[in-house]
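Note sheet for the following structure.
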Amino acid sequence: MKDRLKNVMDRIKKSAIKCRRDPETIRLVAVSKTVPAQRVKEAIDAGVTILGENYVQETRDKFNALSSCRVSWHFIGHLQSNKAKYAVRLFDLIHSVDSVKLAREIDKQSKKVDKIQNILIQVNVADESTKSGASIQNTLNLIKEISNFKNLAVKGLMTMPPFFNAPEKVRPFFKDLRKLRDQFRKEAVQNVVMDELSMGMTGDFEVAIEEGATLVRIGTALFGERN
Ligand SMILES: *Cc1c(COP(=O)(O)O)cnc(C)c1O
88 MKDRLKNVMD RIKKSAIKCR RDPETIRLVA VSKTVPAQRV KEAIDAGVTI LGENYVQETR
148 DKFNALSSCR VSWHFIGHLQ SNKAKYAVRL FDLIHSVDSV KLAREIDKQS KKVDKIQNIL
208 IQVNVADEST KSGASIQNTL NLIKEISNFK NLAVKGLMTM PPFFNAPEKV RPFFKDLRKL
268 RDQFRKEAVQ NVVMDELSMG MTGDFEVAIE EGATLVRIGT ALFGERN
């Protein structure tokens with residue numbers, strides 16, 4: 088685990104330096120879905136500080152098993168509104184908000200526990216019918232509506248582009264997300280900051296960093312193939 092983590096961190100640093108970015112501005116989200124608590128603990132002991140999870144129930148179990156660990160939990164999967172109640176208790180950042188309905192429910196549940204929930208807006212940059220995420224055209228309106236919810240804080244954008252296993256083919260989608268982020272920054276919607284770009288996975292995170300990623304979500308390169 089130590090070696091794998093060191094390898095990934097070295098690759099992150101190398102990509103950052105290549106494009107003259109400060110490596111400290113890129114944070115690793117270790118994607119631990121389907122990975123048992125014991126192995127997740129090894130990753131934390133090796134230096135992982137953020138975990139990315141896709142399923143609420145799975146996280147609840149691991150969260151309890153790892154309650155003594157100092158680690159931040161991020162939700163990166165598709166969130167159903169009826170799970171928002173649990174999500175606000177578990178996660179420091181929810182990467183995958185893509186509708187007003189979901190935002191409203193997270194806001195309501197956050198209010199109950201007196202929390203300001205940090206969120207990212209998930210964008211379906213390639214407009215794939217099979218994927219979650221707001222369309223590029225709808226994203227600005229969505230952000231404006233969400234900015235009215237008092238217990239939500241929008242921190243940036245997230246995307247899951249088509250998987251070509253060929254990073255150069257994914258690059259244009261990363262570029263699109265960054266352009267969108269820059270455009271929204273100019274709009275300066277009240278209560279919204281556009282600092283984070285959550286993009287890049289095991290197969291393409293180096294290209295994502297070159298295009299401006301601040302959060303890279305990496306599972307396989309750290310924990311091995313999932314079954
Ligand atoms: C599983 C998953 C990842 C990690 O993918 P790897 O290819 O294993 O690095 C990243 N982001 C999301 C949203 C995922 O579901």
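Mapped onto my numbering, the consecutive letters of the sequence shown carry residue numbers 88 to 314. Built from N, CA and C at the ideal position, the CB exists for glycine as well. In this text the structure is predicted, and so the values were computed from the model without any measurement.
Practice task
Note the first and the last residue of the continuous alpha helix (DSSP H) segment covering M96.
Solution key: From DSSP, the alpha helix (DSSP H) with M96 extends over K89 to K105.
Practice task
Please check if any C-beta of chain D sits within less than 9 Å of the C-beta of S186.
Solution key: Among the chains in the structure shown there is no chain D, since it carries only a single protein chain.
Exercise for the section: Run the proximity test for M247: is its beta-carbon closer than 8 Å to any non-hydrogen atom belonging to ligand 1? Expected result: At a threshold of 8 Å, M247 counts as near ligand 1, since its beta carbon sits closer than that to one of the ligand's heavy atoms.
Practice task
Could you spell out the range, first to last residue, of the beta strand (DSSP E) harbouring N140?
Solution key: Note that residue 140 is Glu in the sequence shown, not Asn. First-last of the beta strand (DSSP E) with E140: I137 to E140.
Exercise for the section: Report, in whole angstroms, the separation of the C-beta atoms of H161 and I131, which I expect to be a contact under 8 Å. Expected result: Actually they are not in contact, since the Cβ atoms of H161 and I131 sit about 14 Å apart, beyond 8 Å.
Practice task
Using the Cα positions of F250 and V257, report the straight-line distance between them to the nearest angstrom.
Solution key: If I take the Cα positions, the gap works out to 7 Å.
Handout entry: contact_flag[the segment 214 to 226, the segment 191 to 204] where n(CB pairs < 8 Å) is 3 or more
Key = Result no; under three Cβ-Cβ pairs closer than 8 Å.
Practice task
Could you round the C-beta distance between D185 and Q209 to whole angstroms and report it? I think they count as a contact, below 8 Å.
Solution key: Their Cβ separation, rounded to whole angstroms, is 5 Å, which keeps D185 and Q209 in contact under 8 Å.
Problem - Beta carbon shell of ligand 1 at less than 7 Å from a heavy atom - result: That query returns the following residues: V118, K120, G139, N141, I163, G164, M247, M288, T289, G290, R304, I305, G306, T307, A308 and R313.
Practice task
Could you spell out the range, first to last residue, of the beta strand (DSSP E) harbouring R126?
Solution key: Counting along the chain, R126 sits inside no beta strand (DSSP E); it lies in the alpha helix (DSSP H) bounded by residues A124 to A133.
Problem - Inter-residue spacing [alpha-carbon to alpha-carbon] between N205 and R176 - result: For N205 and R176, the distance between alpha carbons rounds to 12 Å.
Exercise for the section: Helix, strand or coil for E145, going by three-state DSSP, please let me know. Expected result: DSSP, read as helix, strand or coil, puts E145 in helix.
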